[in-house]
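Participant: The working numbering puts the first residue of the sequence shown at 182, with every later residue one more than the last.
Cβ coordinates follow ideal geometry from the N, Cα and C atoms, glycine included.
This one's a predicted model, so the numbers in the text were calculated from it and none came from an experiment.
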Amino acid sequence: MEIITTLIDFVLHIDKHLADIFTNYQQLSYGILFLIIFVETGLVIMPFLPGDSLLFAAGALIASTHTLNLAVLIPLLIVAAILGDNTNYFIGKYFGDKVLQIKWISKLVKPEYITKAEQYFEHYGSRTVVMARFVPIVRTIAPFVAGVGEMKYITFLTYSIGGAILWVSGMTCLGYFFGNFDVVKNNFELVVFAIIGISILPMIIQFVKSKTKKSNA
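See the structure below:
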């Protein structure tokens with residue numbers, strides 16, 4: 182329970198926690214951010230890590246403190262996201278069924294998460310790898326499902342690279358250019374909620390559509 186509370190606090194006050202990391206670890210912060218992005222995208226058991234808000238907060242802090250170099254951080258985190266995706270893909274391809282049979286993993290990676298990712302693939306095809314980047318939970322599950330479904334690797338890799346570039350550069354630059362406005366800095370918790378809300382909006386729309394179709398059938 183304490184771990185969950187700590188995680189929630191980290192997500193809601195990610196700007197403050199990230200500022201502490203930048204202050205205490207300086208250049209090592211590159212490695213810490215790389216590891217967080219890699220783990221979120223690379224391990225199917227970590228769908229709850231705050232990728233979107235982390236990138237936004239990192240961009241905002243770089244603009245205000247200049248502790249890190251944006252031109253270095255963005256390519257580094259793009260590589261982290263691509264490596265994470267590929268790790269997740271191959272875990273799904275070679276160990277997918279066995280992984281999901283492990284009890285504690287099946288509790289973290291719930292069947293509905295897998296179902297949601299599969300629905301995205303059915304609806305959007307290979308483009309899911311790109312679109313999933315901007316949807317929490319789905320972005321962690323999608324590469325795993327792509328591996329389980331044995332999507333052609335070259336197709337997966339192409340979309341993975343494109344998605345990583347759009348996601349990392351987009352979210353980080355948003356934070357860099359808009360994160361230091363007073364209205365954002367003074368209401369960062371609300372901004373985090375807004376980022377999460379906008380990110381899961383496609384899931385909500387898809388859910389409503391599927392329910393509407395079932396009720397009309």
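Would residue 195 and residue 373 qualify as a contact pair, given that the criterion is a beta-carbon distance under 9 Å?
Facilitator: Translated into the one-based positions of the sequence shown, residue 195 becomes position 14. Translated into the one-based positions of the sequence shown, residue 373 becomes position 192. For residue 195 and residue 373, yes; Cβs fall inside 9 Å.
Participant: For the alpha helix (DSSP H) that residue 253 lies in, which residues bound it at each end?
Facilitator: Within the sequence shown, the letter at position 72 stands for residue 253. Start and end: 251-281.
Participant: Please classify residue 342: does DSSP put it in a helix, a strand, or coil?
Facilitator: In the sequence shown, the residue the question calls residue 342 occupies position 161. Of the three classes helix, strand and coil, the one that applies to residue 342 here is helix, per DSSP.
Participant: Where are the alpha helix (DSSP H) runs, 4 residues long or more, that stay fully inside the stretch 290-336, in chain order?
Facilitator: Within the stretch 290-336, the complete alpha helix (DSSP H) runs of at least 4 residues are 292-305, 309-312 and 319-329.
Participant: Within 8 Å, do at least three Cβ pairs link the stretch 364-379 to the stretch 330-349?
Facilitator: At 8 Å Cβ cutoff, the stretches do not touch.
Participant: What would DSSP say about residue 237, mapped onto helix, strand or coil?
Facilitator: Here residue 237 refers to the residue found at position 56 when the sequence shown is read from its first residue. If DSSP states are grouped into helix, strand and coil, residue 237 belongs with the helices.
Participant: Determine the extent of the alpha helix (DSSP H) in which residue 362 is found, giving its start and end residues.
Facilitator: Within the sequence shown, residue 362 is the residue found at index 181, counting from 1. Run containing residue 362: none; DSSP gives neither H nor E here.
Participant: Could you tell me which of 370, 377, 371 and 354 sits nearest to residue 236, measuring between CA atoms?
Facilitator: By one-based count along the sequence shown, residue 236 stands at place 55. Closest by alpha carbon: 354.
Participant: With a Cβ-Cβ cutoff of 9 Å, do residue 266 and residue 351 count as a contact?
Facilitator: The residue given as residue 266 occupies position 85 in the sequence shown. The residue given as residue 351 occupies position 170 in the sequence shown. Taking 9 Å as the Cβ cut-off, residue 266 and residue 351 do not qualify as a contacting pair.
Participant: Let's test the definition: count the other Cβ atoms within 10 Å of the Cβ of residue 148 and tell me whether it reaches 16, buried, or not, exposed.
Facilitator: Since the first and last residues shown for the chain are 182 and 398, residue 148 lies out of range.
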